[in-house]
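Structure, as structure tokens:
2 protein chains.
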Amino acid sequence: MSVTSAKQSRRLLQDTHISLAHGNGGRYMRELIEDLFAPLLASPALDVQADAVALQVGQTELMFTTDGFTVQPMEFPGGNIGSLAVHGTTNDLAVSGADPLYLSLNAFIEEGMEVAQLERIITSLAAAAHEVGVQVAAGDTKVLRRGEGGGIYLATTGVGIKPKGVKLGLDQIRPGDSILVSGTVGDHGIAVMLAREQFGLRGELKSDAASVLPLTRALRELPGLRFMRDPTRGGLATVAHECAHAAQHVLRLFEPLIPVRDEVRSVCEMLGYDPYYLACEGRVVAVVDSIQADQALAIWRDLPEGSDASIIGKVERDEGCHVVLETDLGGERFLDELEDDPLPRIC
Amino acid sequence: MSVTSAKQSRRLLQDTHISLAHGNGGRYMRELIEDLFAPLLASPALDVQADAVALQVGQTELMFTTDGFTVQPMEFPGGNIGSLAVHGTTNDLAVSGADPLYLSLNAFIEEGMEVAQLERIITSLAAAAHEVGVQVAAGDTKVLRRGEGGGIYLATTGVGIKPKGVKLGLDQIRPGDSILVSGTVGDHGIAVMLAREQFGLRGELKSDAASVLPLTRALRELPGLRFMRDPTRGGLATVAHECAHAAQHVLRLFEPLIPVRDEVRSVCEMLGYDPYYLACEGRVVAVVDSIQADQALAIWRDLPEGSDASIIGKVERDEGCHVVLETDLGGERFLDELEDDPLPRIC
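Protein sequence lines correspond, in order, to chains A and B.
Letter 181 of the first sequence, counting from 1, is numbered 181 in this note's numbering, and no numbers are missing.
For any residue, its number in this note's numbering is found by taking its place in the second sequence, counting from 1, and adding 1000.
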């Protein structure tokens, strides 16, 4: 990006102070990244649209990605910030078609944190790394003053390698393509919210936080596969927007076909949340040539991780870059780009 | 490391809660890493003694390292947390003998941070990256709630590549080797402390924060070069301890030969600090076969970054793993391993 365009785009970020909405995966975060970080860093290797970038190092093309984790509470049903820090980053490699090999780990630990809790978190992190087959190869710890820092923040950077011939990307999406999701949406968001015991609500719902590698390995060499992404911050609606925006075509989702657990739906109805904006941490959205869609669905449904998989929509031939939800009652509504943060500190 | 030895070593970490001293680069931090992180992660690729590790990815051996940054204040004479986040991680690659190629960047930004300050920090970060010749290839931002988080924390992970034949490591150190330092010590620590305006002190001292690549590139292919390290958290004394511990021999430093700026010495005398424990962010300690020591010194002194370089000590043939400082007055004192944190949040 040239200096001129950097200066021009900087004008777009009109906020003078950072707000929580700059971290939610939606419009404000996109503006912060596209209008400040990307033009200033101006690196040809940086692709703010991609889950992982391909880097040429010596004779080898490796895949590279990074993610930070601040989830509150640090431990929740189905995982904790340690396992999440492995799954989040290795899932970004997985949806790019790669096998994760190595991770770096940064821990920002608050003064006063219980060593026993730190040990539980790092034990989960190690177990998740072992399960995924990735090695933590570099690490650093910093201690934050008491009251500064929410217990622990983690950052992981992943290095992986992609089988030859796997070519996935937003730019591969074509009108007519089908949209699949590998399982129920919103479980992670609601599980973390219930673990906070806000609003006097409790529940047994487990987060879906898990490795998506079985799902991505099964699908990545299927002809007609265009693109995969894990719907984390901003949820399914945000991935749908990214696809629509990249394809410059309307994306149509069919509400009756989108798998949502009853418990997630109930909490959403009670509190006025939309489950399509809630984070998942173990699901994959895939865009597939419609000719291969049934085959892709069958491959996923054969896996325990994909038993609730569903074909949930399509890329329409209509130009535009919005997302339309066809509702249960035959009506239609737009799924707007996320603005406010329904649930901050979710990952 | 086996599960048994992990359990055994866990018993050594007797603290129940994390304290600031667990982040200072000294004994407590070493125990936290050696007794909790390393045995739990149990990764053969992880070397907690190394600045950067060598990873085989496809046909290529790459060098990999990571570091977190929490310096307070975020801006100080000679740099800010943004330039520091580039120099810290690329310097770890440099002292391992590598050329840095790519960085990932994690930013944990506190709600309420001024966008103008964020822009200054990322502008410095980008300028430092440009100067070092490294590309920021992946990034992530998270927003922390107001009051949680000290403005901004950064984490960077670096990927580099090493010329064939460069073989450096703590295990290469031999009795009789000479110890060099590339410039004055403690500038960064005192500059940051003065920028805090604690103790009613002010000063014009600039941090030494800078890339050490010119220094390491000039020396890395010199026959007889054993090891290089940048003395950051814990300072020169901590690097000296790491060398003594690895070599299992006494390390002797000659106080009159260690370059310390008058301003740093004055502040240290006033406040009772020892300059040898203060962080540098642009210096290199090198261990060299004594036969090549004068040549190494001449190479460094020819560079602007090395004009104050000095041969400051040697590895004695005496067994033991302590560090002896021969003082100006001909006396001797031990430089103990750092315990308390003289200056927290320095990097």
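The C-beta atom is built at its ideal place from N, Cα and C for all residues, glycine as well.
Treat the numbers as computed from the prediction; the structure is a model and nothing was measured.
Contact with chain C by residue i, beta-carbon distance below 9 Å
i, result
"Y1277 (chain B)", "Reference to chain C is not applicable here, since the protein chains of this structure are A and B."
Residues that DSSP places opposite residue i in a beta bridge
i, result
"K314 (chain A)", "A:S178 and A:R252"
"L105 (chain A)", "A:G139 and A:T156"
"V1323 (chain B)", "B:L1251"
"H1394 (chain B)", "There is simply no residue 1394 (chain B) to check, as chain B begins at 1001 and stops at 1347 in what is shown."
"F1199 (chain B)", "DSSP lists no partner for F1199 (chain B)."
"L1144 (chain B)", "B:E1110"
"D1274 (chain B)", "Looking at the DSSP assignment, D1274 (chain B) forms no beta bridge with any residue, so it has no partner."
"E1075 (chain B)", "B:N1080"
Range of the contiguous alpha helix (DSSP H) that encloses residue i
i, result
"S1083 (chain B)", "I1081 to V1095"
"E1131 (chain B)", "V1115 to V1132"
"A246 (chain A)", "G235 to A247"
"V1192 (chain B)", "D1187 to A1195"
"V1267 (chain B)", "D1262 to L1271"
"E1332 (chain B)", "Run containing E1332 (chain B): none in the alpha helix (DSSP H); it sits in the beta strand (DSSP E), E1332 to F1334."
"A218 (chain A)", "L213 to L219"
"Y348 (chain A)", "The structure shown does not extend to residue 348 (chain A), since chain A spans only 1 to 347, so no value can be given for it."
For residue j and residue i, the rounded distance between their alpha carbons
i, j, result
"Q295 (chain A)", "R27 (chain A)", "34 Å"
"S182 (chain A)", "E1119 (chain B)", "39 Å"
"L303 (chain A)", "L219 (chain A)", "11 Å"
"S351 (chain A)", "G282 (chain A)", "Residue 351 (chain A) lies beyond the range of chain A shown here (1 to 347); nothing can be said about it."
"L205 (chain A)", "G1151 (chain B)", "34 Å"
"S1019 (chain B)", "G147 (chain A)", "12 Å"
"D35 (chain A)", "F227 (chain A)", "25 Å"
"P1214 (chain B)", "D1067 (chain B)", "21 Å"
"P1344 (chain B)", "P256 (chain A)", "55 Å"
"E1316 (chain B)", "D1289 (chain B)", "12 Å"
"A1127 (chain B)", "Y1153 (chain B)", "18 Å"
"L115 (chain A)", "I109 (chain A)", "The displayed chain sequence assigns Val, not Leu, to residue 115 (chain A). When rounded, the distance between both Cα atoms is 10 Å."
"G58 (chain A)", "V1057 (chain B)", "10 Å"
"L1084 (chain B)", "H1188 (chain B)", "11 Å"
"L13 (chain A)", "P44 (chain A)", "22 Å"
"G1149 (chain B)", "T1141 (chain B)", "13 Å"
"P175 (chain A)", "H17 (chain A)", "39 Å"
"T157 (chain A)", "A209 (chain A)", "18 Å"
"H1245 (chain B)", "H241 (chain A)", "56 Å"
"C347 (chain A)", "A137 (chain A)", "23 Å"
"A6 (chain A)", "R333 (chain A)", "For A6 (chain A), the predicted model reports a pLDDT of 38, less than 50, meaning its position is unreliable; a value from the coordinates is still stated below. Roughly 35 Å between the two C-alpha positions."
"G88 (chain A)", "D1171 (chain B)", "36 Å"
"L1101 (chain B)", "T1090 (chain B)", "9 Å"
"Q1292 (chain B)", "E1221 (chain B)", "12 Å"
"T1232 (chain B)", "G1139 (chain B)", "24 Å"
"Y1277 (chain B)", "P1163 (chain B)", "32 Å"
"E75 (chain A)", "S207 (chain A)", "11 Å"
Beta carbon of residue i nearer than 9 Å to that of residue j
i, j, result
"L1046 (chain B)", "V1095 (chain B)", "no"
"A1195 (chain B)", "F1069 (chain B)", "no"
"A286 (chain A)", "I179 (chain A)", "yes"
"V1192 (chain B)", "Q1072 (chain B)", "yes"
"V1166 (chain B)", "L1236 (chain B)", "no"
"V159 (chain A)", "V86 (chain A)", "no"
"D225 (chain A)", "G313 (chain A)", "Correcting the residue identity first, residue 225 (chain A) is Leu in this sequence and not Asp. For L225 (chain A) and G313 (chain A), no; Cβs fall outside 9 Å."
"I161 (chain A)", "D262 (chain A)", "no"
"D92 (chain A)", "T65 (chain A)", "yes"
"H1322 (chain B)", "L1338 (chain B)", "no"
"V53 (chain A)", "F37 (chain A)", "no"
"D1308 (chain B)", "D1051 (chain B)", "no"
"E131 (chain A)", "Q248 (chain A)", "no"
"I1173 (chain B)", "C1243 (chain B)", "yes"
First through last residue of the beta strand (DSSP E) which encompasses residue i
i, result
"G1160 (chain B)", "I1152 to I1161"
"T1066 (chain B)", "T1060 to F1069"
"L36 (chain A)", "Where L36 (chain A) is concerned, there is no enclosing beta strand (DSSP E), given that its DSSP letter is neither H nor E."
"V53 (chain A)", "V53 to V57"
"M1228 (chain B)", "L1225 to R1229"
"A293 (chain A)", "It is not in any beta strand (DSSP E) - A293 (chain A) instead sits in the alpha helix (DSSP H) that spans A293 to R301."
"A1370 (chain B)", "Any property of residue 1370 (chain B) remains undetermined from this structure, which presents chain B solely from 1001 to 1347."
- Query: Does the pairing of the stretch 288-300 of chain A with the stretch 193-208 of chain A give three or more beta-carbon distances under 8 Å?
  - Reply: no
- Counting pairs of beta carbons, one from the stretch 1090-1105 of chain B and one from the stretch 17-30 of chain A, are three or more of them closer than 8 Å? no
- So does the stretch 1121-1130 of chain B actually touch the stretch 1078-1088 of chain B, counting three or more Cβ pairs closer than 8 Å? yes
- the stretch 1323-1331 of chain B contacting the stretch 1261-1270 of chain B, beta-carbon criterion three pairs below 8 Å: no
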